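For reference, the structure is listed below as structure tokens.
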Amino acid sequence: MVERGRFAPSPTGELHLGNARTALLSWLWARSTQGDYAMRVEDLDRPRVRPGMASRQLAELRWLGLDWDGDPVFQSARTPLYEDALRRLGANVYECFCSRAEVAAAASAPHGDEGPRYPGTCRDLTRQERSERHKIRAPALRVRVPAGRIEFHDEIAGPQSFDVQGTTGDFVLRRADGIFAYQLAVTVDDGVMGITQVLRGADLLPSTARQILLHRLLGQNEPRWAHVPLVLSAEGERLSKRDKSLSLSSHKSSGVDPRRIVALLARMSGLDERGEPRELLDGFSLDRVPRDSPRVENLPY
Ligand code: GLU
């Protein structure tokens, strides 16, 4: 089987050095396994997408020396695939008429990474209850999450176990405003694009459990997973899309040699300090990536 990796930037803000490191490592993993590498622009959240950002991000990734097979895929052009997936999920999907405030008010203790656990308020509405609520509000669509833990192996973070029903509950697949949720779109696309390996930031580990559930419900092969510890600022904080000084675009426009950036990213990833991505392929292994978060300290330029 041919390996196939991918990078999936969201054009809602600047790529920063942490995103660049994820891109580089996902490229190295794919190419070091003689795999294909795909680029997917995650531009579904229209109100948050910044005009011109996607093409800038792609230009910055090329400037670093990364390449990909075929044209980039834009999620905004793939609505029929997501609609089809909803149809295939059938009775696993139900309409939810709760507002955010109602979910928060109804939630008891646990909070997942997407806010309060959804307590299942609309899980078993009758047809009549649904048609009455339709008159007041458009529904979101949620998936019925079975009780129990989702276990998986992560090639960097090791064994993982998440209680999706206990922490997140039935999660949203399509928002009330019609926008498909990240979890659904990513899972459908990873399946349709034949992705066999997903490398991304460790902040998405809990999402992976939800995506595994969707892969199973959709009858898709699950990719291998590798979640890299997030890059932190010198002060030990998570890099933010708003932090201009560490954005790729500010480095590019101030004339920094991209090879210095690649070498810095390599050093932060336990690899030899080489400036061309392909020079890092020799001897590359995920085992070399440190299990702790690196900090961006003393930029060498
Ligand atoms: N688009 C997501 C992000 O920029 C990444 C999604 C993924 O790699 O699955 O955070």
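Numbering follows our numbering, with no gaps: position 236 of the sequence shown is 1217. We put the CB at the ideal spot given by N, CA and C, even for glycine. Treat the numbers as computed from the prediction; the structure is a model and nothing was measured.
Is the CB-CB distance between Leu1067 and Leu1194 below 8 Å?
no
Taking buried to mean at least 16 other C-beta atoms within 10 Å of its own C-beta, is Ala1244 buried or exposed?
Its Cβ being crowded by 16 or more others within 10 Å, Ala1244 is buried.
Report yes if the CB atom of Ala1291 is closer than 8 Å to the CB atom of Glu1132, and no otherwise.
Since the first and last residues shown for the chain are 982 and 1282, residue 1291 lies out of range.
DSSP state of Gln1015 mapped onto helix, strand, coil:
The answer is coil: DSSP assigns Gln1015 none of H, G, I, E or B.
Ser1221 in three-state terms, based on DSSP:
coil
For the beta strand (DSSP E) containing Ala1207, name the first residue and the last one.
1205-1209
Between Asp1094 and the rest of its own chain, which residues show a CB-CB distance below 7 Å, the 5 nearest in sequence each way excluded?
Pro1187
Can you tell me whether Ser991 sits near the ligand GLU, meaning its C-beta is under 7 Å from at least one heavy atom of the ligand?
yes
Assuming Arg1191 contacts Phe1152 under a Cβ cut-off of 8 Å, what Cβ separation, rounded to an integer in Å, is found between them?
6 Å
Which full runs of the alpha helix (DSSP H) of 4+ residues lie inside the segment 1127-1198, going along the chain?
For the segment 1127-1198, whole alpha helix (DSSP H) runs of length 4 or above, ordered along the chain, are 1145-1148, 1163-1173, 1186-1198.
What I want to know is whether the C-beta of Leu1185 ends up closer than 7 Å to one or more non-hydrogen atoms of the ligand GLU.
yes
In the DSSP assignment, what are the bridge partners of Tyr1099?
Looking at the DSSP output, Tyr1099 sits in a beta bridge with Gly1150.
So who's on the other strand from Met1020, going by DSSP bridges?
Phe988
Closer than 6 Å by C-beta to Arg985: which residues in its own chain qualify, once you throw out the five before and the five after it? Chain order, please.
Contacts found: Gly1016, Asp1017, Gly1175, Ile1176, Thr1177.
Rounded distance between the beta-carbons of Leu1220 and Ser1214, thought under 8 Å
6 Å
Looking at the ligand GLU, does it come within less than 7 Å of Arg1104, judged from the CB to the closest heavy atom?
Not so, every heavy atom of the ligand GLU lies at least 7 Å from the Cβ.
For Ala1001, is the classification buried or exposed, using 16 other Cβ atoms within 10 angstroms of its Cβ as the cut-off for buried?
Ala1001 counts as buried, since at least 16 other C-beta atoms from the protein chains shown sit within 10 angstroms of its C-beta.
Distance cut-off 7 Å: Gln1023 Cβ against heavy atoms of the ligand GLU
The question names Gln, but residue 1023 is Glu in the sequence shown. For the ligand GLU, at least one heavy atom lies less than 7 Å from the Cβ of Glu1023.
Going by alpha carbons, who is nearest to Tyr1063 out of Ser1231, Ser1230, Leu1122, Asp1144?
Leu1122
Look at the alpha carbon of Leu1045 and the alpha carbon of His1232, and state the distance between them as a whole number of angstroms.
11 Å
The ligand GLU heavy atoms versus the CB of Val1179: any closer than 7 Å?
yes
Could you tell me the boundaries of the beta strand (DSSP E) in which Val1114 lies?
As written in the sequence, residue 1114 is Arg, which differs from the Val given in the question. No beta strand (DSSP E) contains Arg1114, which is instead part of the alpha helix (DSSP H) from 1108-1115.
Closer than 7 Å: Val1126 CB and nearest the ligand GLU heavy atom
no
Report the rounded CA-to-CA distance for Leu1106 versus Gly1159, giving the unit in angstroms.
21 Å
Less than 7 Å separating the Cβ of Val1243 from some heavy atom of the ligand GLU?
no
Count the CB pairs spanning the segment 990-1004 and the segment 1022-1035 that are closer than 8 Å, and state whether there are at least three.
yes
Any chance the CB of Val1167 is under 7 Å from a heavy atom of the ligand GLU?
yes
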